[in-house]
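Those letters in the sequence shown? Residues 16 to 394, per our numbering, in order.
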Amino acid sequence: MSPPEPGPLSIARVEAVVCRAPIDEPIVTSFGTIPERAGLFVRLEDADGVAGWGEVFGNFPAHGAENRCHLVRDYLAPIVTDEAWVSPAAAYEAMTRRTHVMALQGGEPGPFAQAIAGLDNAIWDLAARRAGVPLWRLLGGERDAVPTYASGLNPSNFEGIVEAKLAEGYRAFKIKIGFGRETDTGNLARMREIVGDLRVMTDVNQGWDMATAVQEMPHLAEFDLGWIEEPLPADRPLAEWREIKAASPAPLAAGENLRGDADFDAMIEAKVLDVVQPDMCKWGGVTGCLPLAKRIVAAGLTYCPHFLAGIVGLMSSAHLLAAAGGHGLLEVDANPNPLREVLAGGLPPIEDGIMTLPAGPGIGVEPDADLLKDFRVEL
Ligand SMILES: [Mg+2]
Numbered sequence: 016m017s018p019p020e021p022g023p024l025s026i027a028r029v030e031a032v033v034c035r036a037p038i039d040e041p042i043v044t045s046f047g048t049i050p051e052r053a054g055l056f057v058r059l060e061d062a063d064g065v066a067g068w069g070e071v072f073g074n075f076p077a078h079g080a081e082n083r084c085h086l087v088r089d090y091l092a093p094i095v096t097d098e099a100w101v102s103p104a105a106a107y108e109a110m111t112r113r114t115h116v117m118a119l120q121g122g123e124p125g126p127f128a129q130a131i132a133g134l135d136n137a138i139w140d141l142a143a144r145r146a147g148v149p150l151w152r153l154l155g156g157e158r159d160a161v162p163t164y165a166s167g168l169n170p171s172n173f174e175g176i177v178e179a180k181l182a183e184g185y186r187a188f189k190i191k192i193g194f195g196r197e198t199d200t201g202n203l204a205r206m207r208e209i210v211g212d213l214r215v216m217t218d219v220n221q222g223w224d225m226a227t228a229v230q231e232m233p234h235l236a237e238f239d240l241g242w243i244e245e246p247l248p249a250d251r252p253l254a255e256w257r258e259i260k261a262a263s264p265a266p267l268a269a270g271e272n273l274r275g276d277a278d279f280d281a282m283i284e285a286k287v288l289d290v291v292q293p294d295m296c297k298w299g300g301v302t303g304c305l306p307l308a309k310r311i312v313a314a315g316l317t318y319c320p321h322f323l324a325g326i327v328g329l330m331s332s333a334h335l336l337a338a339a340g341g342h343g344l345l346e347v348d349a350n351p352n353p354l355r356e357v358l359a360g361g362l363p364p365i366e367d368g369i370m371t372l373p374a375g376p377g378i379g380v381e382p383d384a385d386l387l388k389d390f391r392v393e394l
């Protein structure tokens, strides 16, 4: 099913801002560390002065946000301001078509897809603000609240963060594994001590090959995991995913490193994943990910948006999850990030694991102009 079409849109201005915020402890994953928090925020303004906000993936590698910022400014802004669009989907199609060869030439289909996704999110936010309704409602949703989980827990010093998140109202948690059996099982035992029988999920961050996964998975059985995420690199053949699926003591999750309908649909049809996790700031935006999320739910699988950066992308993801339906959880990074916690005045409150979305139009939040200046990197 296609997203609803909110009517003609005329984009007059595009602003792309890279922000960086220092953190005390780097984010540790099985593929590398992230030493500070980065965000790429896109602000659009239409001919009537109505604004829309979107976020582009820019977490990794270290200067990915700067690269995507230039893609937005130099290649995509001229396209979105070039004509009036009958719908956000029409702008998405034009951005994709008119940069296709450039992306191939530069070897950058991923970064272009990310920049297009963030712009698409901003266009949808603008459309919802023009209509005066929350984004979830414009997208045909039937609920204004979503279940959440506290994500991104590091393999060391996670205990204090888990306690704090429990006190904030979170009722499900995801910790990174793939650091060796002793560390992984020790951490999971510690997690169970702290959270009792609340939901605990794990993320391998593509850190195993098939032989390692088959070897390690049985040792996770005793922890009653909600899912095991990315046990293999995202580009491994379906035959390997099928084998892993048969060996896994818990549901399998992946999707943050897939791009394009064909790759997602192949994984959905193969029934190797129980939880599918597209990142709407990495590929697709609302235009690509709403129909995808509905296909995931219709296939009897769980749609859980992947997201781990600033407040804008988090709220876009929350609205999309609200609109898509199903039983999925919103991923909320548990690690400190001023670009999520401070930039727009804080997150909506979470009660007993449930986040109620702001009642205002669009995604319901806006970065504070002064704070945006404080975090801004001049490019
Ligand atoms: Mg992950």
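Think of the CB as a built atom: it goes at the ideal place given N, C-alpha and C, for glycine as much as any other residue.
Values in this document were obtained by computation on a predicted structure and should not be read as measured data.
- At least one heavy atom of ligand 1 lies less than 6 Å from the C-beta of aspartate 218.
- Taking 3 residues as the shortest admissible run, the region 234-319 contains the following complete beta strand (DSSP E) segments, listed from N- to C-terminal end: 267-269.
- Each residue's CA atom was taken as its position, placing alanine 128 and histidine 85 some 13 Å apart.
- Look at valine 101 here: in three-state DSSP terms it is coil, with no helix or strand label.
- A buried status is given to glycine 303, since no fewer than 16 other beta-carbon atoms sit within 10 Å of its beta-carbon.
- For glutamate 346, the distance from the CB to the nearest heavy atom of ligand 1 is not below 6 Å.
- The C-beta separation of proline 320 from valine 290 comes to about 11 Å, leaving the pair out of contact by the 8 Å criterion.
- Sequence-distant Cβ neighbours of glutamate 255 in its own chain, meaning closer than 8 Å and more than five residues away, are Met225, Leu247.
- Distance from the C-beta of glutamate 60 to the nearest heavy atom of ligand 1 is not below 6 Å.
- Looking at the backbone, the Cα of leucine 55 and that of cysteine 296 are separated by about 10 Å.
- Between the alpha carbons of glycine 341 and leucine 305 lies a distance of about 12 Å.
- Secondary structure in the region 59-134: the alpha helix (DSSP H) runs of 4 residues or longer, each lying completely within the stretch, are 79-86, 92-95, 103-121 in chain order.
- Distance between glutamate 123 and glycine 275, taken at the CA atoms: about 14 Å.
- Aspartate 224 sits in coil when the DSSP states are folded into three classes, being neither helix nor strand.
- The alpha-carbon of glycine 64 is positioned some 8 Å away from that of alanine 27.
- Asparagine 220 is classed as buried because its beta carbon has at least 16 other beta carbons within 10 Å across all chains shown.
- Residue burial annotation: glutamine 230 is exposed, with fewer than 16 other C-beta atoms found within 10 angstroms of its C-beta.
- Lysine 286 counts as exposed, since fewer than 16 other C-beta atoms from the protein chains shown sit within 10 angstroms of its C-beta.
- Excluding residues up to 5 positions away in sequence, Pro149, Met330, Leu372, Pro373 lie with their Cβ nearer than 7 Å to the Cβ of glycine 379 in the same chain.
- Take asparagine 169, set aside five residues on each side of it, and the residues of its chain with a beta-carbon closer than 6 Å to its own are Val43, in chain order.
- Between glycine 73 and alanine 53, the CB-CB gap stays under 7 Å.
- Contact check between the region 106-122 and the region 131-142: three or more CB pairs, one atom from each, fall below 8 Å, which counts as touching.
- Taking a 10 Å sphere around the C-beta of proline 353, we find 16 or more other C-beta atoms and assign the residue as buried.
- In the DSSP secondary-structure assignment, methionine 370 is bridged to Val161, Ile365.
- The beta carbon of glutamate 244 sits closer than 6 Å to at least one heavy atom of ligand 1.
- Taken through DSSP and simplified to helix, strand or coil, serine 331 comes out as helix.
- Three or more pairs of CB atoms, one per stretch, sit closer than 8 Å, so the region 205-221 contacts the region 184-192.
- Beta-carbon to beta-carbon, glycine 184 and glycine 368 are separated by about 7 Å, close enough to satisfy the 8 Å threshold.
- Take the alpha-carbon of histidine 234 and the one of glutamate 174: they are about 22 Å apart.
- For glutamate 208, the enclosing alpha helix (DSSP H) starts and ends at 196-210.
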